[in-house]
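Notes to accompany the following structure.
There are 2 protein chains.
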Amino acid sequence: MRLPDAVGVVGLGVMGGALARALSERGVSVRGWSPDPAEVRAAVEQGALASAAESVEDSARDVDWWIVATPLSALPEVFRRGAASEPPRVMDVASLQGPALAAAREAGMGRVHVSAHPMAGSERSGFGASRSDLYRGVPVWLSTGSQGSEEPLARAEAFWTALEARPLRIDAVEHDRRMAGVSHLPQLASNVLARVLEAEGFAPGDLGPGGRDATRLAASSPELWGDLLVHSGAEVAPLLRRLAAEAEALAGRLDAGELDDVKAMLDHTRRWRTS
Amino acid sequence: MRLPDAVGVVGLGVMGGALARALSERGVSVRGWSPDPAEVRAAVEQGALASAAESVEDSARDVDWWIVATPLSALPEVFRRGAASEPPRVMDVASLQGPALAAAREAGMGRVHVSAHPMAGSERSGFGASRSDLYRGVPVWLSTGSQGSEEPLARAEAFWTALEARPLRIDAVEHDRRMAGVSHLPQLASNVLARVLEAEGFAPGDLGPGGRDATRLAASSPELWGDLLVHSGAEVAPLLRRLAAEAEALAGRLDAGELDDVKAMLDHTRRWRTS
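Protein chains in written order, with this note's numbering: chain L, 147 to 421; chain P, 147 to 421.
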């Protein structure tokens, strides 16, 4: 699989930092920009960037791919600025694709843009938490908007395959509906569980390995998730209500001593989880 | 720290298997019994047992410690049978200590018994899932009943310290109250989340790393948890109701577009989880 010669990256956090590292390791010339100068310096020093871009506009100049790895809420402004440099192909790596496609279209880049969502990340933040193998073996959802065409999509597939990820095409609306379930609901379930444990007077150090895993996502970035929930909140709310109803029903069964029903439920979810 | 010369172990699953492995690695002569003959054979072949006991009674004969690592519901019967062999010191490794202490007392072993709960385990089951370093660095809660005395408790501390675990004394009632929060609630929250995801048509393979962690406990043994919830259900039910109320409240905030409140909550749980 062939990788491009030159890539511009905006945002050097967990996602953008990992991309810069993985591309540079494979000989791609990466020019990067971040609002945090210390992050840019660290990325250059550690060989994740060939050079520091002077601005967002500069990062999109003379590159084969321009990749925006900022929080979702920054996409409209960053796309608008980068569009002036007319990059031939543009990707974002945001966790929701409807708003990303809309931002690219509004910036006049709908024809050259692909939204790419790798199912990877970290509850930690920043370049220091990024690692070059983040995308290895990871599914990457790819979608384009109404103006999208085959060429950038096929090239995006080759791009992620070269990074040892598993690109998969999807419709953006379907993608965002799925994420409300498989990503945003587990995130908020973890926050809600953490809240109850704290209210009951427990500390994270009181937890065993299972409780630590179940609350790990509660450490995720409020900024990143606030950004996503602006868009997905209406889809996640009914799922949270369903979670609440299931928890209530289970509490009722425990109070009534209906342990056979409880065991049947545990057995059912075990079969689902190990399937 | 000195370990005993000879230990009997009943139950060779994740907990008992790990004990047998860790003790044998340190030169202790371990005699073991399991209702599953294949598990006993595997443990002898892999050097986790010096010898196979012929019965529960036999496993408690001529040992310094007799350790029962069965599900909680089996303790009364196993204790009753082992008591005939008059082991000088007895431990269980059950996840609830009130019922374990009661079972030892009823078997006439209250004076020589210590309840030990290591904060370790696995969502998998059986000897094949046991590993010799399971207890390394792990807190182990120790309690005794009303007939308990200092001698077995002090020896239990030395025992777990020699296995590189961290023994901690606790009152059994306080222990069981804590476990309802830090262990049983995360377990059931994971089951409830898995149930909603399945009902929404998702498969475990659709999840990212965060969703996989949040549902990992849903794969735990229904038998083991059914056993525990017979005793702890009444304490866990109000915690589940609190979880349901928090999930409902969050859904309401998302529907009302109160994103600042949501972000404040996410920020709060992040600070708790990383504290």
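Where is the CB? At the ideal position from N, CA and C, for every residue including glycine.
DSSP state of residue i mapped onto helix, strand, coil
i	result
L/Ala198	strand
P/Val457	Chain P is shown only over 147 to 421; residue 457 of chain P falls outside these bounds and no answer can be derived.
P/Pro350	helix
P/Val176	strand
L/Met161	helix
P/Pro355	helix
P/Val209	coil
L/Gly193	coil
L/Arg148	coil
L/Leu218	helix
P/Leu314	strand
Cβ neighbours of residue i in the same chain (closer than 7 Å, five flanking residues each side left out)
i	result
P/Ala164	Ser276, Arg277, Ser278, Leu280, Tyr281
P/Ala188	Phe273
L/Ala166	Val155, Leu158, Val176, Gly178, Ala189, Ala194, Leu195
P/Ser180	Gly157, Leu158, Val186
L/Leu334	Val382, Leu386
P/Ala168	Ser278, Tyr281, Leu309
P/Gly366	Reading the sequence as shown, one finds Ser at residue 366 of chain P and not Gly. Closer than 7 Å at the Cβ level, and outside the excluded window around P/Ser366, lie Glu269, Gln333.
L/Gly327	Leu385
L/Glu171	Ser278
P/Ala266	Leu280, Tyr281, Val284
L/Val224	Val156, Val202, Val214, Thr216
P/Ser271	Gly159, Val160, Ser367
P/Glu252	Pro222
Straight-line gap, residue i to residue j (C-alpha atoms, nearest Å)
i	j	result
P/Arg315	P/Ser289	6 Å
P/Ala152	P/Arg235	11 Å
P/Pro298	P/His259	7 Å
P/Thr216	P/Asp208	20 Å
P/Pro222	P/Ala248	8 Å
P/Pro233	P/His321	26 Å
P/Ala402	P/Ala393	14 Å
P/Thr415	L/Gly356	18 Å
P/Leu374	P/Gly254	23 Å
P/Leu405	L/Ser219	13 Å
L/Ala364	P/Ala246	34 Å
L/Leu396	P/Glu303	38 Å
P/Arg226	P/Leu389	40 Å
P/Ser295	P/Arg341	45 Å
L/Gly379	L/Thr420	29 Å
L/Gly244	P/Arg399	22 Å
P/Trp418	P/Val319	26 Å
L/Ala410	P/Ala410	38 Å
P/Arg301	P/Met325	24 Å
P/Ala391	L/Ala391	9 Å
L/Arg358	P/Arg358	13 Å
P/Gln192	P/Ala184	12 Å
L/Met237	L/Asp182	21 Å
P/Asp317	L/Asp317	56 Å
Integer-rounded CB distance, given that residue j should sit under 8 Å from residue i
i	j	result
L/Val338	L/Arg312	At roughly 31 Å, the Cβ-Cβ gap does not stay under 8 Å, so L/Val338 and L/Arg312 are not in contact.
L/Gly228	L/Glu200	Between L/Glu200 and L/Gly228 the Cβ distance is about 13 Å, and since that is not below 8 Å, they are no contact.
P/Gly354	L/Ser329	6 Å
P/Phe348	P/Trp211	With 8 Å as the limit, P/Phe348 and P/Trp211 do not qualify as a contact, their Cβ atoms being about 47 Å apart.
P/Ala360	L/Ala360	6 Å
L/Leu343	P/Trp371	Rounded, the Cβ-Cβ distance is 18 Å, inconsistent with contact.
Cβ shell of residue i (< 8 Å), same chain only, five flanking positions each side left out
i	result
P/Arg323	Glu381
L/Glu369	Pro217
L/Arg362	Glu269, Ser336
L/Val239	Met161, Gly162, Leu165, Ile213, Val214, Ala215, Ala262, His263, Pro264
P/Leu331	Val382, Leu385, Leu386, Leu389
Below-8 Å beta-carbon distance, residue i vs any chain B residue
i	result
P/Thr307	Included in the structure are the protein chains L and P, with no chain B among them.
Close-in-space but distant-in-sequence residues of the same chain around residue i (CB under 6 Å, 5 per side omitted)
i	result
L/Gly162	Val155, Ala215
L/Val174	Leu149, Val153
L/Gly256	Ala250, Gly291, Gln293
L/Ser197	Arg177
P/His377	Leu242, Pro245
L/Asp407	Arg399
P/Ser231	Glu203, Ala206, Arg207
Cβ-heavy atom distance, residue i to the ligand ZN, below 7 Å
i	result
P/Leu314	What this structure holds is no ligand at all, so the ligand ZN is not there to describe.
(request) Only counting runs of 3 or more residues, tell me where the beta strand (DSSP E) segments fall wholly within the stretch 235 to 297 of chain P, in order along the chain. (result) Unbroken beta strand (DSSP E) stretches of 3 residues or longer found wholly inside the stretch 235 to 297 of chain P: 236 to 238, 259 to 264, 285 to 289, given in chain order.
(message) My parser needs the alpha helix (DSSP H) runs of 4 or more residues fully inside the stretch 368 to 415 of chain P; what are they?
(response) Taking 4 residues as the shortest admissible run, the stretch 368 to 415 of chain P contains the following complete alpha helix (DSSP H) segments, listed from N- to C-terminal end: 368 to 401.
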